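In the working numbering, the protein residues as written are 366 to 670.
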Amino acid sequence: MADQPKVTVIGAGLMGHGIAQRFLAAGYPVNLVDPNLQVLEQAEQQISDIFTLLEQPYVKGDLLSLYTEIQPAVEGAKLVIEAGPEILDVKRDIFTQLARFSGPECILASNTSAIPISEIAKGISHPQRIVGAHFWNPPHLVRLVEVVQGDETSLSTIEQTIALLDSVGMKSVHVKRDIPGFIGNRLQHAMKREAIAMLEAGVCDAQTIDDVVKHGFGQRLAVLGPLEQSDLVGLDLTLRILTTIYPSLDTSATPQSTLVERVETGQLGMKTGGGFRQWTPEAADEVRNRVREHLVAKAKQTLTN
């Protein structure tokens, strides 16, 4: 374990401390960076709590180091993962510093969930070693990472990033074209667009849409992907179904008015008590606990396999 390369994580919030825990659990020394000392101290406890939650042994020793500045934290690092705010200018400022202070062999990765990597890397030195590493929330429970190849990212950077992520138990996939939202968020939000459109058109209420997904095709999504399912039932049947459905699918180029109006009137979802559905604090907590328990159980199953 002592020979593992150093990893630096920029940002100690929800994503950052979860990513740090993944590498710590695999024995990597981790430098965790955040300008807010209080956030750093909270993250240290949150990391310990994750180990307890997953019933993993955690002997901190010298593996975790906390920093409020970037320069000393990236010294000697093999991989730096930026998990800062989803704001392009903020990310570009961070990567400007990373390109300046990191070693020439250091991989510089962004955890952005939607911003094209080429936009982040534009005009920054060493773009060949800038790559996307989109973890899913929460990263300590969800294995997938989308490794995104920017316009100037080298194939060597992609291969090394995938190898490092796979070594800590992640499921890495190579996104070969740098498009907004990458793969997962584009699929997720394509479904969300159609769901909102059906709600707006009065096809059914919000709970019915959620029930159809959860109790219908959602039951098999964890074990059967959409193209795999198409091959399973036959592409001839798939073609016939799509020929019927495609002409009536929503093609809105901007978010629907029913979403915009809710946001403008403060109906933001569970945190305000109402969004597409109405939520009491108890009902919202039930959903959060249900999701958490499901993901924890799946993560523990993965760890024991």
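We treat Cβ as the ideally placed atom computed from N, Cα and C, and that holds for glycine.
Bear in mind the structure is a predicted one, so any value in this text is a computation, not a measurement.
Check each candidate in the options and name the one with the smallest Cα separation from residue i.
i, options, result
"residue 427", "456, 405 and 392", "392"
"residue 394", "419, 430 and 377", "430"
"residue 410", "440, 379, 641 and 648", "379"
"residue 641", "456, 573 and 487", "573"
"residue 381", "503, 565 and 420", "503"
"residue 377", "645, 634 and 401", "401"
"residue 369", "508, 532 and 421", "532"
"residue 615", "554, 596 and 653", "554"
"residue 390", "594, 437, 620 and 534", "534"
"residue 322", "577, 564 and 438", "This structure does not reach residue 322, given that the chain is present from 366 up to 670, and the question cannot be answered."
"residue 387", "446, 404, 432 and 407", "446"
"residue 501", "527, 536, 520 and 528", "536"
Kindly indicate which three-state DSSP category residue i falls into: helix, strand or coil?
i, result
"residue 505", "coil"
"residue 371", "strand"
"residue 445", "strand"
"residue 519", "coil"
"residue 589", "coil"
"residue 474", "strand"
"residue 451", "coil"
"residue 654", "helix"
"residue 366", "Residue placement at residue 366 is flagged as unreliable, the pLDDT there being 46, under the threshold of 50; a coordinate-derived value is accordingly withheld."
"residue 498", "strand"
"residue 432", "strand"
"residue 539", "strand"
"residue 397", "strand"
"residue 643", "strand"
"residue 533", "coil"
When the Cα atoms are used, what is the spatial distance from residue i to residue j?
i, j, result
"residue 417", "residue 606", "48 Å"
"residue 604", "residue 662", "37 Å"
"residue 488", "residue 423", "41 Å"
"residue 524", "residue 371", "18 Å"
"residue 651", "residue 517", "45 Å"
"residue 583", "residue 511", "21 Å"
"residue 645", "residue 634", "11 Å"
"residue 588", "residue 514", "27 Å"
"residue 602", "residue 611", "14 Å"
"residue 669", "residue 455", "39 Å"
"residue 452", "residue 623", "26 Å"
"residue 367", "residue 458", "Only weak support exists for where residue 367 lies, its pLDDT of 49 falling under 50; the value from the coordinates is given anyway. If you take the alpha carbons of residue 367 and residue 458, they lie about 32 Å apart."
"residue 579", "residue 469", "47 Å"
So residue i packs on residue j, CB below 8 Å; how close in whole Å?
i, j, result
"residue 464", "residue 490", "5 Å"
"residue 499", "residue 415", "No, residue 499 and residue 415 are not in contact; Cβ-Cβ is about 20 Å, not under 8 Å."
"residue 412", "residue 375", "At roughly 16 Å, the Cβ-Cβ gap does not stay under 8 Å, so residue 412 and residue 375 are not in contact."
"residue 655", "residue 617", "Contact flag wrong, Cβ pair sits at about 30 Å."
"residue 448", "residue 384", "6 Å"
"residue 664", "residue 419", "6 Å"
"residue 660", "residue 507", "7 Å"
"residue 561", "residue 621", "5 Å"
"residue 545", "residue 481", "6 Å"
I'd like to know if the stretch 494 to 512 and the stretch 467 to 485 are in contact, where contact means that at least 3 CB-CB pairs between them fall below 8 Å.
yes
Using 8 Å as the Cβ pair cut-off and three pairs as the minimum, do the stretch 568 to 577 and the stretch 538 to 548 touch?
no
Okay, do the stretch 432 to 446 and the stretch 394 to 409 touch, 3+ Cβ pairs below 8 Å being the bar?
yes
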